[in-house]
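Residue numbers (the numbering used here), protein chains in the order written: chain A, 91 to 198; chain B, 379 to 488.
For glycine and all other residues, C-beta sits at the position ideal for the given N, C-alpha and C.
Quick caveat: nothing in here was measured; it's all calculated off a predicted structure.
The structure appears right after this line, and notes come after that.
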Amino acid sequence: DSGVTQTPKHLITATGQRVTLRCSPRSGDLSVYWYQQSLDQGLQFLIHYYNGEERAKGNILERFSAQQFPDLHSELNLSSLELGDSALYFCASGTGYTFGSGTRLTVV
Amino acid sequence: EDQVTQSPEALRLQEGESSSLNCSYTVSGLRGLFWYRQDPGKGPEFLFTLYSAGEEKEKERLKATLTKKESFLHITAPKPEDSATYLCAVQDAGDYKLSFGAGTTVTVRA
C-alpha cells in the first residue's frame, strides 16, 4: 500500500457522460499530481495542485477539470466522455512522487 | 519540451542473465531523473531518483546510473519476479511534473 488512495478502482460509463475520480494523498503530502496512461500515449501529466492551488497544467482537455479540497484530497472531473478517454488515471502525491493504484476508466 | 526515449521496448531474459535498460533524455535543466517499476494494471512503484551526472544508486538486483544525456538501469542476475515494465521519467528544473518515457517491458524466464 503506497498510502495514496484512489477511488473507484474501475469505472465503466457511456459516451457523453460525466465522472469524478477521487484521490487522497499520503498523510502530510500537500501536492497532488494527476496522470493519464493510455496504451498509445504512455503516462501523460494532466495537472498539479499544491495545498489547494493549481500549480501546473499539462495536456489536459478542456472537458477535464480538477480541484483540491481543504482536507487535501483531490477530484478529477471528466465530462462529455469519448471512447478515447478510456485509460488508467493515476494520482501521485508529495515530492517523492508516490503513485496510487489508479482508476481504470472504460467508456463504451 | 522535455523528451524521454527508452530502449529497448521489450527485453526477454533468462533467469540469471544480466542486462541493461537505456533512458535517453533531453531537458533544458535536469532537476531529477526517476526510475519506476510498473506491474500490469498497477500504479508505478518508485525505485530511484538520480540528480547529477556520475550518481549511482542500487537496490537489490537493480543499479541505476546517470550521465548528462542518459541513464542506465542495470539488472544483475534477474529473477522471474523482476518481470515488469520499467519506466524512466525526468523532472525539468523549471517545474515539478514528470515526463515519462514509453517504458521497457522486461520478461525473465525461469
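9 angstroms Cβ cut-off: residues of chain B touching residue i
i	result
residue 191 of chain A	419, 420, 421
Residue burial classification, residue i (beta-carbon count within 10 angstroms, cutoff 16)
i	result
residue 96 of chain A	buried
residue 54 of chain A	For chain A, the structure presents residues 91 to 198; residue 54 of chain A sits outside this window and is missing.
residue 175 of chain A	buried
residue 91 of chain A	exposed
Any C-beta of chain A under 7 angstroms from that of residue i
i	result
residue 480 of chain B	yes
residue 446 of chain B	no
residue 473 of chain B	yes
Residue interval of the beta strand (DSSP E) (run including residue i)
i	result
residue 126 of chain A	121–128
residue 182 of chain A	177–183
residue 410 of chain B	408–416
residue 471 of chain B	Note, residue 471 of chain B: premise wrong, no beta strand (DSSP E); not H, not E.
residue 487 of chain B	482–487
residue 100 of chain A	100–103
residue 381 of chain B	381–385
residue 146 of chain A	143–147
residue 157 of chain A	154–158
C-beta neighbour in chain B for residue i, strict 7 angstroms
i	result
residue 93 of chain A	no
residue 180 of chain A	yes
residue 184 of chain A	no
residue 142 of chain A	no
residue 168 of chain A	no
residue 118 of chain A	no
residue 106 of chain A	no
Residues that residue i contacts on chain B, provided the C-beta gap is smaller than 7 angstroms
i	result
residue 138 of chain A	474, 475
residue 148 of chain A	475
Chain-ordered chain A contacts of residue i [CB-CB under 9 angstroms]
i	result
residue 465 of chain B	132, 133
Per-residue contacts from residue i into chain A (C-beta, under 8 angstroms)
i	result
residue 424 of chain B	186, 187, 188, 189
residue 412 of chain B	187
_Taking contact to mean 3 or more Cβ pairs, one atom from each stretch, closer than 8 angstroms, check whether the stretch 411–431 of chain B and the stretch 453–464 of chain B are in contact._
yes
_Quick check: the stretch 155–171 of chain A against the stretch 98–110 of chain A, are at least 3 beta-carbon pairs closer than 8 angstroms?_
By the C-beta criterion, the stretch 98–110 of chain A is judged to be in contact with the stretch 155–171 of chain A, since at least 3 inter-stretch pairs fall below 8 angstroms.
_Under 8 angstroms, with one C-beta from each stretch per pair, do the stretch 439–456 of chain B and the stretch 382–401 of chain B reach the 3-pair mark?_
yes
*So, do the stretch 471–484 of chain B and the stretch 393–411 of chain B have three or more beta carbon pairs nearer to each other than 8 angstroms?*
yes
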